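So the sequence shown is numbered by the UniProt record's numbering: it starts at 1 and just counts up by one.
Glycine residues also receive a C-beta, built at the ideal position from the N, C-alpha and C atoms.
Quick caveat: nothing in here was measured; it's all calculated off a predicted structure.
One structure is given here, and the rest of the page talks about it.
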Amino acid sequence: VTNVSAVNSGGEAAVALIAEADLVTTAVGPQILAKIAGTIAKGLVLRHQQGNVQPLNIIACENMVRGTSQLKQHVFAALPQDEQAWVEQHVGFVDS
1 VTNVSAVNSG GEAAVALIAE ADLVTTAVGP QILAKIAGTI AKGLVLRHQQ
51 GNVQPLNIIA CENMVRGTSQ LKQHVFAALP QDEQAWVEQH VGFVDS
């Protein structure tokens, strides 16, 4: 397997990788999704600031129904309001 990175969700490395990635997946457990949403939101803001308009898909690989939809709600709660339209246009939240 190549071109895959695993990072701690609380670090600046995760923020930087989200700004550059074309796919983000999680496997942290349903109760932790709210805790990682802030890091994802920061990465999406940085992605926008850097002018990265390549599509990004986010998939929560959790043992739950509609986990990515729940993650999206947490991410949008952490996003500045002026970033939300950009994220809606450029980021897919795909339930698995």
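- Task: Excluding the 5 residues preceding and the 5 following R47 in the sequence, name in chain order all residues of the same chain whose CB lies nearer than 6 Å to its CB.
- Result: A19
- Based on the DSSP secondary-structure assignment, which residues constitute the bridge partners of G92? N57
- Message: Using the three-state DSSP reduction, which class does L33 fall into: helix, strand or coil?
- Response: helix
- Message: Using the three-state DSSP reduction, which class does L23 fall into: helix, strand or coil?
- Response: strand
- Task: With distances taken Cα to Cα, identify the nearest neighbour of H74 among L33, T2, A13 and I59.
- Result: L33
- Query: Straight-line CA distance for T2 to V24?
  - Reply: 15 Å
- For Q70, the first and last residue of its enclosing alpha helix (DSSP H): G67 to A78
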